[in-house]
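Read through the structure below, which is laid out as structure tokens, and then see the notes.
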Amino acid sequence: MKIERIIAQSTLIPRCITAPWTLGYFRHPNSPALMDEIESLKGRQGRVIFVGLSEGDSHLSIAASRLRQISPMVEIGLVLHWTEALNCAPLGSDSEVKHFENIFVAVDQLLSIEQVEAIRARWNPKWILIPKVGLDWEELLVRRIFTSRRGDLLLWAPPPDNPDGPFLSVDELEHHLRTLRLTHPLINLSAVPESWHIVSENGPIGPLIRPVYQVAQEAERTLTLSVIVPVQTFENGTSEAIQSLCDVLNHWQHTYEIVVCLDGVSWPIDLPKSPHIRLVEVPRTENTRSDWRPGYVRNCGAAISRCRNDGLLLFCDADVKITIDLLSALQSAELEPWDFAQLANDQTQLRWQSTTSKVFAVRRFAFDHVDGFPEAFSHYGCEDNALAWKLLHARYTAKALPPDAVLHLREVKDDDDGLLKMQRLSHSANLFYRLMISSDAHAIYWHFFSCLSERRSVMSTIPRAVLKRAYLQMPIRFAIKAAVFLLTLQQTDDRRKFIRGSFEAAVWSVRTQISKLARLRAATAFYIKSTIRTFVSRLSFQLRRLRYLISGNLWRIPWALREPGHRIKANLWRVTSFAVFLANSALFVGHYIFHFIKGNIWRIPWTLTEPSRIIKANLWFFKTPQGWIRKKWPWLYRTVVVRFERKSEGRQ
Numbered sequence: 000m001k002i003e004r005i006i007a008q009s010t011l012i013p014r015c016i017t018a019p020w021t022l023g024y025f026r027h028p029n030s031p032a033l034m035d036e037i038e039s040l041k042g043r044q045g046r047v048i049f050v051g052l053s054e055g056d057s058h059l060s061i062a063a064s065r066l067r068q069i070s071p072m073v074e075i076g077l078v079l080h081w082t083e084a085l086n087c088a089p090l091g092s093d094s095e096v097k098h099f100e101n102i103f104v105a106v107d108q109l110l111s112i113e114q115v116e117a118i119r120a121r122w123n124p125k126w127i128l129i130p131k132v133g134l135d136w137e138e139l140l141v142r143r144i145f146t147s148r149r150g151d152l153l154l155w156a157p158p159p160d161n162p163d164g165p166f167l168s169v170d171e172l173e174h175h176l177r178t179l180r181l182t183h184p185l186i187n188l189s190a191v192p193e194s195w196h197i198v199s200e201n202g203p204i205g206p207l208i209r210p211v212y213q214v215a216q217e218a219e220r221t222l223t224l225s226v227i228v229p230v231q232t233f234e235n236g237t238s239e240a241i242q243s244l245c246d247v248l249n250h251w252q253h254t255y256e257i258v259v260c261l262d263g264v265s266w267p268i269d270l271p272k273s274p275h276i277r278l279v280e281v282p283r284t285e286n287t288r289s290d291w292r293p294g295y296v297r298n299c300g301a302a303i304s305r306c307r308n309d310g311l312l313l314f315c316d317a318d319v320k321i322t323i324d325l326l327s328a329l330q331s332a333e334l335e336p337w338d339f340a341q342l343a344n345d346q347t348q349l350r351w352q353s354t355t356s357k358v359f360a361v362r363r364f365a366f367d368h369v370d371g372f373p374e375a376f377s378h379y380g381c382e383d384n385a386l387a388w389k390l391l392h393a394r395y396t397a398k399a400l401p402p403d404a405v406l407h408l409r410e411v412k413d414d415d416d417g418l419l420k421m422q423r424l425s426h427s428a429n430l431f432y433r434l435m436i437s438s439d440a441h442a443i444y445w446h447f448f449s450c451l452s453e454r455r456s457v458m459s460t461i462p463r464a465v466l467k468r469a470y471l472q473m474p475i476r477f478a479i480k481a482a483v484f485l486l487t488l489q490q491t492d493d494r495r496k497f498i499r500g501s502f503e504a505a506v507w508s509v510r511t512q513i514s515k516l517a518r519l520r521a522a523t524a525f526y527i528k529s530t531i532r533t534f535v536s537r538l539s540f541q542l543r544r545l546r547y548l549i550s551g552n553l554w555r556i557p558w559a560l561r562e563p564g565h566r567i568k569a570n571l572w573r574v575t576s577f578a579v580f581l582a583n584s585a586l587f588v589g590h591y592i593f594h595f596i597k598g599n600i601w602r603i604p605w606t607l608t609e610p611s612r613i614i615k616a617n618l619w620f621f622k623t624p625q626g627w628i629r630k631k632w633p634w635l636y637r638t639v640v641v642r643f644e645r646k647s648e649g650r651q
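Structure, rendered in structure tokens:
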């Protein structure tokens, strides 16, 4: 499996670093030792990114050389903050740079041209932009980093409420991206790999260094179906769901297994364990409820499963009950409802579908091709939708089951309200956009919010979402406020006090609006005056510039008028020398023809006598057969003529 992970080597953060929490450069105190983490990558392949942020002695070069020895197929990179790149803190000498194939420099401030040139001359880096609020993109990218108006840029967009912020929101990011792509289309903008977001989404407590999950050997992958069930608790009907799953899979005609990923829980003693069940304990870095990453847990189950390359990985929630009718599509010859990972023949087949709270299957080769679930989502939802999005961009068709195809055993609570789920899902939807950095990704937010886990969730969510949208309109908002005021007035005890307070609040609101209008009018007048003053000054400057341009180029008019005469006068020598050129050419050609005839006149008699020489030279061809016939005639007569005469007499 391809790996893409960031490895920090120190817990120290120099004061010059302006975005340490965002970049996740420092090492968590509970994480394993640096060299132990390097040893866990033995024999792997992919890319590993080292980061520094440490002052003084650094172990990056030692760790990189060790990783190069034990895993020669790993591509090693280095991420530097722009202050580190200027100070050369992580590495001591230029000879240590050879351990790193890619050097990334993260920029979150407006650098000078001298600083950019110094970083480029020292490292020849790939640039990473961290979009802080107030950063002038066009000035930094177009006039400082990419002076040729072309290049490749990685965008690392943390959440707006990150401690290093404030950072841009999704709408502001989309505005900047659209503007830059229209004005400078040769600057290629793309998101950093999704695994880089894992360390930056944990907040100020530091990155959670997760252990590398176990991977099944290639020789063990012989099964046709692996059902992967992540379990965080056995309270919401999980035992019944697993027992039902075992009963249904008894009718499966091929080889299968059930991989139960125990996330911080133990297998109940009273729950019987089928021989086909494999238990995988997913370790936690911290024993907290916030350390919940369903993408990581599911990837652990997929990595250890023994499903073959063309087999099916079936992902189920722990509170879902599966029926025999659902598995019948898997055993059919067509597999049409499970055509989740087939190459698309037509662009129209590539339609994104929401997979939230749905049971779906994916071919293992397609799952490995897109590197599985993204592990950066720590909040509600979106990890399965992001997998569907990656499969879609890899040109795999996606077909998931409808919401009513499975039975959810978990009881519906007040927290399952559609609008509350939308509120929880908005954080993950924003992170989804920051992972993809695509205009198409921003357009599928409504799909995230419309297909939720409860039965008939679309019909229950749409009216509430429409009411929420309608509240933004002024007449509807005024009517709702009036109704709320009257209902509150009816239920309050001291109505006179409530009316007086409401009146004072209204007067204060009017005064505030009037003061805002006065300030706005003053600011508008100042802006208009300054704009007119600037326009007049620019106009006078342009007029003076035009006058200087005309006066400075008047001498060109008579020169341009006399130019044809100068050209004719300068080329008269060509006319006088043309006759001499023809005479010399004729003399040269005649001299060449004379010597050619003189050198080849001897060939005429030789050519005339050539037929006689050929006849004389080939007379042996006519004389030799005659002598052979005269010499060999008695033998020929005895062997051919006499035998022919005897056969003729015998026939008579």
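For the sequence shown, numbering that gives the first Met the number 0 begins at 0 and goes up steadily by one. Quick reminder that beta carbons are idealized off the backbone N, C-alpha and C, glycines included.
How long is the line joining the alpha carbons of residue i and residue j, rounded to whole angstroms?
i	j	result
Y255	L85	56 Å
S194	E173	22 Å
L167	V132	6 Å
F643	I628	19 Å
E335	A360	Confidence at E335 is low in this model, with a pLDDT of 43, below 50, so the placement of that residue is unreliable and no value is reported for it.
I2	K480	55 Å
L430	I16	24 Å
A524	E116	43 Å
D386	V169	Here residue 386 turns out to be Leu, not Asp, going by the sequence shown. Roughly 20 Å separates the two Cα atoms.
E100	E74	7 Å
L77	V50	6 Å
P557	K568	17 Å
I5	R65	16 Å
S653	L560	A query on residue 653 cannot be resolved here, the shown segment of the chain reaching from 0 to 651 and no further.
Y526	R520	10 Å
S456	N123	Note on S456: pLDDT 43, under 50, position unreliable in the model; the coordinate value appears next. Rounded to the nearest angstrom, the two C-alpha atoms are 52 Å apart.
Can you check DSSP and say which residues form a bridge with residue i?
i	result
P229	C260
D151	N187
I127	A105, L153
V47	R4, I75
F314	I227, F359
R277	V258
H426	Partner(s): none; H426 has no beta bridge.
C306	L222
L406	K320
H80	A105
Can you tell me whether residue i is helix, strand or coil according to DSSP?
i	result
V640	helix
N344	Bear in mind that a pLDDT of 41 at N344, under 50, signals an unreliable position, so the number given afterwards is only what the model happens to contain. In the structure shown, N344 sits in coil (DSSP, three-state: anything other than H, G, I, E or B).
C299	helix
V319	strand
F359	strand
F431	helix
R292	coil
H58	coil
H250	coil
F166	strand
A32	coil
W122	helix
V509	helix
G500	helix
A478	helix
W266	coil
N161	coil
Any heavy atom of the ligand NAP closer than 8 Å to the Cβ of residue i?
i	result
R177	The ligand content of the structure shown is nil, which means the ligand NAP is not present either.
What do you get for residue i, buried or exposed, if any count of 16 or more other CB atoms within 10 angstroms of its CB means buried?
i	result
S539	exposed
H196	buried
Q44	exposed
A63	buried
A428	buried
G294	buried
I549	exposed
T237	buried
N552	exposed
W605	exposed
Alpha helix (DSSP H) segments (min. 4 residues) lying fully within the region 536 to 614:
Those alpha helix (DSSP H) runs which fall completely within the region 536 to 614 and span 4+ residues are 555 to 569, 571 to 599, 602 to 607.
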